[in-house]
Amino acid sequence: MGETLLHFAAMSGNAALCRYLLEMGANANAENDSGENPLHYAMWNPRHETHIDLARLFVQKGEVDPTQSYIFNGIIHSYQGSAETFRFLVH
Numbered sequence: 011m012g013e014t015l016l017h018f019a020a021m022s023g024n025a026a027l028c029r030y031l032l033e034m035g036a037n038a039n040a041e042n043d044s045g046e047n048p049l050h051y052a053m054w055n056p057r058h059e060t061h062i063d064l065a066r067l068f069v070q071k072g073e074v075d076p077t078q079s080y081i082f083n084g085i086i087h088s089y090q091g092s093a094e095t096f097r098f099l100v101h
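Here it is as structure tokens:
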């Protein structure tokens with residue numbers, strides 16, 4: 011529980027909607043009751059081709075730190091998508 015509209019937009023893989031919500035003031039660092047922020051939801055999207063754009067959006071525009079949250083073990087500890095996205099998240 012505790013998900014925001016941005017969590018669900020991120021899970022859908024819709025970068026345009028996520029960008030719009032961020033521009034409207036959505037908090038990219040908002041965590042649900044389990045400590046997961048929208049970046050986590052974006053990286054769980056099964057369409058791995060959306061991951062790099064969403065990762066850049068949340069890290070650069072949303073100022074999300076991929077090494078933090080999710081019970082203090084950021085998304086980089088469990089990410090299983092493309093190598094390109096993983097490299098971006100760890101730098």
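Going left to right, the sequence shown walks through residues 11 to 101 as our numbering numbers them.
Built from N, CA and C at the ideal position, the CB exists for glycine as well.
No experiment lies behind these values; they were computed from the predicted model shown.
Asked: Taking its Cβ as the centre, do 16 or more other Cβ atoms sit within 10 Å of Pro56, making it buried, or is it exposed?; Found: exposed
Asked: Output the distance between the C-alpha atoms of His17 and Arg66, rounded to the nearest integer angstrom.; Found: 16 Å
Asked: I'd like the span of the alpha helix (DSSP H) that includes Asp43, first residue to last.; Found: Per DSSP, Asp43 belongs to no alpha helix (DSSP H) and is neither H nor E.
Asked: Take Leu49 as the anchor and find which of Arg97, Glu73, Met11 has the nearest alpha-carbon.; Found: Glu73
Asked: What residues in its chain sit with their C-beta under 6 Å from that of Phe98, if we drop five residues either side in the sequence?; Found: Ala65
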